[in-house]
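Undergrad: Pasting a structure below so you can have a look.
This is the structure we're talking about:
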């Protein structure tokens, strides 16, 4: 399971213990998703150079105290999602190089009475907690002074001793999953000066009175606050905003996958007071059940002038009120992607005086449909440089549009455009019209440096003369099949040409021409995505050395023809073999066998027309037809027997005859002899009858032993017969005439039963 770099992947292998024979060569050992229950002292003793040990998602409940003693070079230890009820500081005593420790998802309730991590001087990230985790005590984190990330799953944390986290002087990113606002308040009190980015998950801010205990948060020096999967209400939003605006160093506020109960009817005015630092505001997937009743947000207008970057993604925004846009005077970046903005609502949102400093605007994945209205709505944005309106359904493009003079980057990908016109602004430096329906590109764009035409229907390269400053061109996944010398000559100044995933006809002459004539730094052509000539050409952007062209590369049609001929010959050979060895018959036999197994075990009574179906070998036909049939069919009353020679339907497949005859008979008579067990047809009859008769544990099968047969002498393929003879009584044909009368009497009794 180990590769050349001694990374050993033994995950999801059903292991119950750590494999034996681990050596000092191993650097990474992945044992995740197994069934390991215990780690013993000797398991990892020889793996002295181990850097990463992944043991997550096992069933570990016990670890010997010196199990990790030899792992002084270990940097990553993942024990998450196991069954550890207690944690011991002795496990980590010799892990002097450990940087990342994952202990979440176990069953411990606390971290013990002392510090588990006092010897981990290089620890950078620590993940701990679980649904049962309820207590954090003073001293639990002694010895840790600096953490890049601390993640605590404290969804049921009910007791926190003040000062427990105060020993950590600096935490770059603190993630806490918590429900209790009181416990959260106590934790924040200890983190006022140590946390740079505080991320809170799964907490509910639903009652305004509870917000007072969070007032301590206004003294925090955190620069970024994130709320994930958090519940907010109209009553608590103003309280939270009031707390956050007092934070002296807060720069960024983030709400991700949160839920707001209300319509923005906030009862107090929110105004910027002391804080002049908040610049970045992000909302992603905010759920507002009655979003269509949401107000115009006049209550927060006082805060808006501070923002420089605002992201509101996937939140069902259908309108930004003009007053709000006008208050966003410092806004430089606005992302409104994956919302419900239409042409008319955009015209209102981007009103005169709105977004005066905006440089980057993302309106992708909205409901825009008229490019002329969209361009006109944004034309007054004098500082706009980057505009992304991709994944809207424009469908058509007008001949003339009105754009901001400052626009340099325009993304029109996936907008259903059938062509490009002079609507595209001439001063662009980057244009993306990928994933449209373009069949040609002939615009004159003298300042354009990058052009993306991926996933269109182009058959030729765009002309180079109208775009003389182009340095990068992507025409991947089009319908190009060749380059002309003139096309290469015109693009000599380019640094990158990506033309992979096209319909190029591979030829040695074409490749030689590209290698000899092209002056482009990188050319990606791809036949298919891997055949190119010597440097300076490249495949997928990676420079390559000399490539020796194979027969397939230069004579593809010939090779394909040869392959087709070989495939035809192989099919012909298989047909001949199948004909000789009756493969079709065996397939039909298998199908019939499967159908028989699925059929009902009993036929309707009206369809049963025989007393017994007789299964026998052709070599025993003299006794069956001249002795047994005469005796039974001339009895009083006579028995109706089904014989294959006499009663099978002519022209019907023999297997279907066997199945139908067994189903239409009350009993099945097996005349057993040495010849019977050598007959393939007798075996089939036995098999088919087994599904209907023997599985019911009744007496519908009657065995007549015509001559003595030892069960051990029966071939193994007659496994059902061996089983029947060991479990059912059978009638034995006597050679003495005086005993034959008793034989016929017993047989008739059995047939009538």
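In the UniProt record's numbering, the protein residues as written are 1 to 753. C-beta atoms are modelled at their ideal positions from N, C-alpha and C, and glycine is treated no differently.
1) Between residue 10 and the ligand MG, is the CB less than 7 Å from at least one heavy atom?
2) What first and last residue would you give for the beta strand (DSSP E) that runs through residue 64?
3) Between which two residues does the alpha helix (DSSP H) harbouring residue 304 extend?
4) Start and end of the beta strand (DSSP E) containing residue 498?
5) Would you check if the stretch 162-170 and the stretch 214-221 touch, i.e. whether three or more CB-CB distances between them fall below 8 Å?
6) Take residue 399 and list the residues in its own chain whose beta-carbon comes closer than 8 Å to its own, dropping the five residues that flank it on each side.
7) Closest to residue 45 by C-alpha separation, out of 394, 3, 73 and 448, would be which residue?
8) One question on the structure: do residue 383 and residue 416 come within less than 8 Å of each other, judged by their Cβ atoms?
9) Rounded to the nearest angstrom, what separates residue 51 and residue 578 at their Cα positions?
10) Just mark residue 391 as buried or exposed, buried being the case when its beta carbon has 16 or more other beta carbons within 10 Å.
11) Below 8 Å CB to CB, which residues in the same chain sit around residue 307 once its five sequence neighbours on both sides are set aside?
12) For residue 227 and residue 155, what's the separation of their Cα atoms in angstroms?
13) Would you report the Cα separation of residue 1 and residue 58, rounded to the nearest angstrom?
14) Would you mind sorting residue 265 into buried or exposed? The rule is 16 or more other CB atoms within 10 Å of its CB.
15) Can you give me the C-alpha to C-alpha distance between residue 302 and residue 117, rounded to a whole angstrom?
16) Less than 6 Å between C-beta atoms, sequence neighbours within five positions excluded: which residues of the same chain meet that for residue 452?
17) Alpha carbon to alpha carbon, how far is residue 97 from residue 244? Give it in angstroms, no decimals.
18) Three-state secondary structure (DSSP) at residue 746?
19) Are the Cβ atoms of residue 198 and residue 222 separated by less than 8 Å?
20) Report the residue ranges of all beta strand (DSSP E) runs contained in full by the stretch 371-403; include only those spanning at least 3 residues, in chain order.
21) Using DSSP with H/G/I as helix, E/B as strand and the rest coil, what is residue 40?
22) Buried or exposed: residue 608, going by 16 or more other Cβ atoms within 10 Å of its Cβ?
23) Where do the N-terminal and C-terminal ends of the beta strand (DSSP E) with residue 81 fall, by residue?
24) Could you give the DSSP three-state label for residue 247: helix, strand or coil?
25) Mapping DSSP to helix, strand and coil, what is residue 190?
26) Which one of 426, 469 and 386 has the shortest CA to CA distance from residue 402?
27) Suppose only complete runs of 3+ residues qualify. What are the beta strand (DSSP E) ranges in the stretch 72-143, listed by chain order?
28) Going along the chain, which residues of its own chain have a beta-carbon closer than 6 Å to the beta-carbon of residue 192, five neighbours each way excluded?
29) Does DSSP classify residue 173 as helix, strand or coil?
30) Is the stretch 133-151 touching the stretch 75-90 in the sense that three or more CB pairs, one from each, lie closer than 8 Å?
31) In this structure, how does DSSP classify residue 335 when only helix, strand and coil are distinguished?
32) Are the CB atoms of residue 345 and residue 319 within a distance shorter than 8 Å?
33) Taking buried to mean at least 16 other C-beta atoms within 10 Å of its own C-beta, is residue 701 buried or exposed?
34) Whose C-alpha, out of 370, 376 and 409, is nearest the C-alpha of residue 396?
35) Rank 107, 94 and 326 by C-alpha distance to the C-alpha of residue 120 and give the top, closest one.
36) If contacts are defined as beta-carbon pairs under 8 Å, then residue 128 and residue 99 qualify, I think. What distance do you get, rounded to the angstrom?
TA: Answer, in terms of the structure:
1) The ligand MG is absent from the structure shown, which contains no ligands of any kind.
2) Looking at the DSSP string, residue 64 is not in any beta strand (DSSP E), and its letter there is neither H nor E.
3) Under the DSSP assignment, residue 304 falls in the alpha helix (DSSP H) whose first and last residues are 301-304.
4) It spans 496-498 - the beta strand (DSSP E) in which residue 498 sits, taken as one unbroken run.
5) Put simply, the stretch 214-221 does not touch the stretch 162-170. Fewer than three CB pairs are less than 8 Å apart.
6) 421, 422 and 423, listed in sequence order.
7) It is 73.
8) Their beta carbons are not under 8 Å apart, which means residue 383 does not touch residue 416 by this criterion.
9) Computed Cα separation, rounded: 57 Å.
10) The residue is buried, with at least 16 neighbouring Cβ atoms inside 10 Å.
11) Around residue 307: 278, 279, 280, 281, 328, 330 and 331.
12) Roughly 15 Å separates the two Cα atoms.
13) Whole-angstrom Cα-Cα distance: 18 Å.
14) So residue 265 counts as exposed.
15) Each residue's Cα considered, the two are about 46 Å apart.
16) Answer for residue 452: 432, 434 and 474, listed in chain order.
17) The straight-line gap from Cα to Cα measures roughly 38 Å.
18) Three-state DSSP puts residue 746 in a helix.
19) Yes, they are a contact pair.
20) Fully enclosed beta strand (DSSP E) runs of 3 or longer: 386-388.
21) It is coil, neither helix nor strand.
22) By the 10 Å Cβ count, residue 608 comes out exposed.
23) Annotation for residue 81: no beta strand (DSSP E) segment contains it, and DSSP assigns it neither H nor E.
24) Of the three classes helix, strand and coil, the one that applies to residue 247 here is coil, per DSSP.
25) It is helical.
26) Per the C-alpha coordinates, the member of 426, 469 and 386 positioned closest to residue 402 is 426.
27) Correct list: 76-78, 100-102 and 125-129.
28) When the five nearest sequence neighbours on each side are left out, the beta carbons in the same chain lying within less than 6 Å of the beta carbon of residue 192 are those of 219 and 220, in order along the chain.
29) Collapsing the DSSP output to three states places residue 173 in a strand.
30) In this structure the stretch 75-90 does not touch the stretch 133-151; the number of beta carbon pairs closer than 8 Å is below three.
31) It is a strand residue.
32) A contact, by the Cβ cut-off of 8 Å.
33) Buried, since its Cβ has 16 or more Cβ neighbours within 10 Å.
34) Comparing Cα-Cα distances from residue 396 to each of 370, 376 and 409, the minimum goes to 370.
35) Comparing alpha-carbon positions, the option among 107, 94 and 326 lying closest to residue 120 turns out to be 94.
36) About 15 Å separates the CB atoms of residue 128 and residue 99; that is not less than 8 Å, and the two are not in contact.
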